[in-house]
Amino acid sequence: MKMNEYLRDVLNQSKDIAKAVNYYFNEENIEKLTRIQNLIFDNVIFTGMGSSHYCACSASTYLNNNGVKSRVISAGELLHYEYNSIGKSTLVIAISQSGESAEIVRLIDRIGKNVKVVGITNNEKSPLANRADILLNLNVKPEKSVSTRTYISSIILCLLVSCSILKKLNDETRDYFIRAVESIDNAIKMCEENKDRLLEFLDGVNYITLLARGYNIGTAYAGALFIQELSKFPAYGMDAAEFRHGPLEIVDDSFRGIIVSPSGLTCDLNVKLAKDISSYGGRIILLSDGEESFEEDNIINIKMDFCDEHLTPIFYILPIQYLDNLIAEKKGLKVGEFRWGEKVTREE
Ligand SMILES: O=P(O)(O)OC[C@H]1O[C@](O)(CO)[C@@H](O)[C@@H]1O
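Going left to right, the sequence shown walks through residues 6 to 353 as this note's numbering numbers them.
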């Protein structure tokens, strides 16, 4: 069977993104990233829509963890209800691969010149690019459909902005990023090795719950969005800690969950949650670099490479993209076609 373009995009990401990372570390781009340090601000707001919103979660958590006040807000909320949270000493980091999403265009129109805007986009001719005080180009080939490489490259540029603000941008940082990007291929390999079990996981599935904490909250939200968008299938992402506070009650043998659980602050809590859900009859895909192997039939362990926790969103999205394609193909969809929306959402 001919490979669909979405799957080709997914499988080629390590090459495409490695190229982009080299570009991000070229002299001109490092100069731009370093210029951010000279702006005067005491708090940061990341904003965007859909995957361009969730791509910023890791960078924002990283800033907060290192003492810089930061928030991630949907551009729609920031525009209509939270606009007054932008003060003169706020640095706005607006992300939009098209640079043309409706909310982003209206938001940047509203923001006065006294507020500095860093624009992260794949379209240097877009309204976002024109407004940005500092423009960072994603520099990847645009996708025809659901975001793949633009999502991962947006995560990376947001993290690089955070590294710059924290004055942690150096050759060592570059190596960490390159290694995280190389881990994309291992994630794909692990999915291919487990393909039959993943297909079996999908038998009788009605909806998928994605659970994560900390740096990967955005992985859960973006993963759910991609499953909804590509496979037209119910999926929702949530904070794994919240799951015990009520949602746990939905678990029975029809439950299917993905738990994002890299080594780090809360890995043990995530693994414990996976085991509990499994003992209540639910089935889990556990994304983890842990050594522990799971005997339980209800847990499929996709073994990921080890990496510093804040960089794991760069490749932990891969198994979700892979599974997404399996769902779409299983449903017999023309993978990547939109039914009601389109690639650029110009209407609020
Ligand atoms: O980055 P942009 O162009 O603002 O658009 C984000 C879009 O990407 C998507 O994540 C598509 O995969 C949509 O959620 C959203 O409309």
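Even glycine gets a Cβ: it sits at the ideal position worked out from N, Cα and C.
Beta bridge counterpart(s) of residue i as assigned by DSSP
{"i": "Val77", "result": "Phe51"}
{"i": "Val265", "result": "Leu292"}
{"i": "Ala99", "result": "Thr52, Gly124"}
{"i": "Leu240", "result": "The displayed chain sequence assigns Ala, not Leu, to residue 240. According to DSSP, which records beta bridges pairwise, Ala240 is partnered with Ile213."}
C-alpha gap between residue i and residue j, whole angstroms
{"i": "Leu230", "j": "Tyr11", "result": "15 Å"}
{"i": "Glu272", "j": "Gly117", "result": "The sequence as given places Cys at residue 272; Glu does not occur at that position. Distance between the alpha carbons of Cys272 and Gly117 is about 43 Å."}
{"i": "Leu292", "j": "Lys200", "result": "14 Å"}
{"i": "Ser103", "j": "Ile170", "result": "25 Å"}
{"i": "Ile41", "j": "Asp138", "result": "10 Å"}
{"i": "Val49", "j": "Arg202", "result": "43 Å"}
{"i": "Lys336", "j": "Ser236", "result": "8 Å"}
{"i": "Ser79", "j": "Cys163", "result": "15 Å"}
{"i": "Glu301", "j": "Lys172", "result": "45 Å"}
{"i": "Thr39", "j": "Thr178", "result": "14 Å"}
{"i": "Ile223", "j": "Ala279", "result": "Looking at the sequence itself, residue 223 is Gly, so the reference to Ile does not match. Each residue's alpha carbon lies about 19 Å from the other."}
{"i": "Leu216", "j": "Ser94", "result": "34 Å"}
{"i": "Ile45", "j": "Pro132", "result": "24 Å"}
{"i": "Glu148", "j": "Asn127", "result": "10 Å"}
{"i": "Asp258", "j": "Gly286", "result": "4 Å"}
{"i": "Tyr321", "j": "Asp310", "result": "9 Å"}
{"i": "Leu331", "j": "Arg13", "result": "13 Å"}
{"i": "Ile31", "j": "His315", "result": "Here the sequence assigns Asn to residue 31, which means Ile is not the residue at that position. For Asn31 and His315, the distance between alpha carbons rounds to 23 Å."}
{"i": "Thr317", "j": "Pro267", "result": "7 Å"}
{"i": "Asp313", "j": "Gly55", "result": "25 Å"}
{"i": "Asn221", "j": "Gln326", "result": "15 Å"}
{"i": "Lys146", "j": "Glu205", "result": "34 Å"}
{"i": "Ile263", "j": "Ile289", "result": "6 Å"}
{"i": "Ile100", "j": "Asn175", "result": "23 Å"}
{"i": "Asn144", "j": "Arg115", "result": "27 Å"}
{"i": "Tyr59", "j": "Gly53", "result": "8 Å"}
{"i": "Arg344", "j": "Ser150", "result": "12 Å"}
{"i": "Glu36", "j": "Val123", "result": "14 Å"}
{"i": "Glu342", "j": "Val349", "result": "13 Å"}
{"i": "Glu105", "j": "Ser298", "result": "46 Å"}
{"i": "Ile125", "j": "Ser284", "result": "44 Å"}
Residue i: first and last residue of the uninterrupted beta strand (DSSP E) it sits in
{"i": "Leu141", "result": "139-142"}
{"i": "Lys308", "result": "304-308"}
{"i": "Leu216", "result": "213-217"}
Near ligand 1: residue i beta-carbon under 7 Å from a heavy atom
{"i": "Ile109", "result": "yes"}
{"i": "Ser236", "result": "no"}
{"i": "Val145", "result": "no"}
{"i": "Leu140", "result": "no"}
{"i": "Gln18", "result": "no"}
{"i": "Met54", "result": "yes"}
{"i": "Val349", "result": "yes"}
{"i": "Val77", "result": "no"}
{"i": "Ser259", "result": "no"}
{"i": "Val151", "result": "yes"}
{"i": "Leu230", "result": "yes"}
{"i": "Gln102", "result": "yes"}
{"i": "Ser57", "result": "yes"}
{"i": "Ser158", "result": "no"}
{"i": "Ser266", "result": "no"}
{"i": "Ser106", "result": "yes"}
Bounding residues of the alpha helix (DSSP H) (the contiguous stretch that carries residue i)
{"i": "Ser135", "result": "The question names Ser, but residue 135 in the sequence shown is Asn. Per DSSP, Asn135 belongs to the alpha helix (DSSP H) from 132-136."}
{"i": "Ile113", "result": "107-115"}
{"i": "Ala245", "result": "245-248"}
{"i": "Ser19", "result": "18-29"}
{"i": "Tyr67", "result": "62-70"}
{"i": "Asn275", "result": "272-284"}
{"i": "Asn89", "result": "Per DSSP, Asn89 belongs to no alpha helix (DSSP H) and is neither H nor E."}
{"i": "Gln326", "result": "323-335"}
{"i": "Cys186", "result": "The question names Cys, but residue 186 in the sequence shown is Val. Residues 176-198."}
{"i": "Thr155", "result": "154-170"}
{"i": "Ile35", "result": "32-40"}
Residue i at chain B interface by Cβ criterion, 8 Å
{"i": "Ala99", "result": "In the structure shown, chain B cannot be found, because there is only a single protein chain."}
beta-carbon residue i near ligand 3 non-hydrogen atom, thresh 7 Å
{"i": "Ile213", "result": "With respect to ligand 3, the structure offers nothing, as its ligand set consists of ligand 1."}
| task | Could you say if the stretch 234-249 and the stretch 190-207 meet the contact criterion of at least three C-beta pairs nearer than 8 Å? | result | no
| message | Assess contact between the stretch 200-217 and the stretch 68-76, defined as three or more Cβ pairs (one per stretch) separated by less than 8 Å. Is contact present? | response | no
| How do the stretch 53-69 and the stretch 149-167 stand: do at least 3 beta-carbon pairs fall below 8 Å, yes or no? | yes
| query | Is the stretch 104-116 touching the stretch 20-35, taking contact as three or more C-beta pairs under 8 Å? | reply | no
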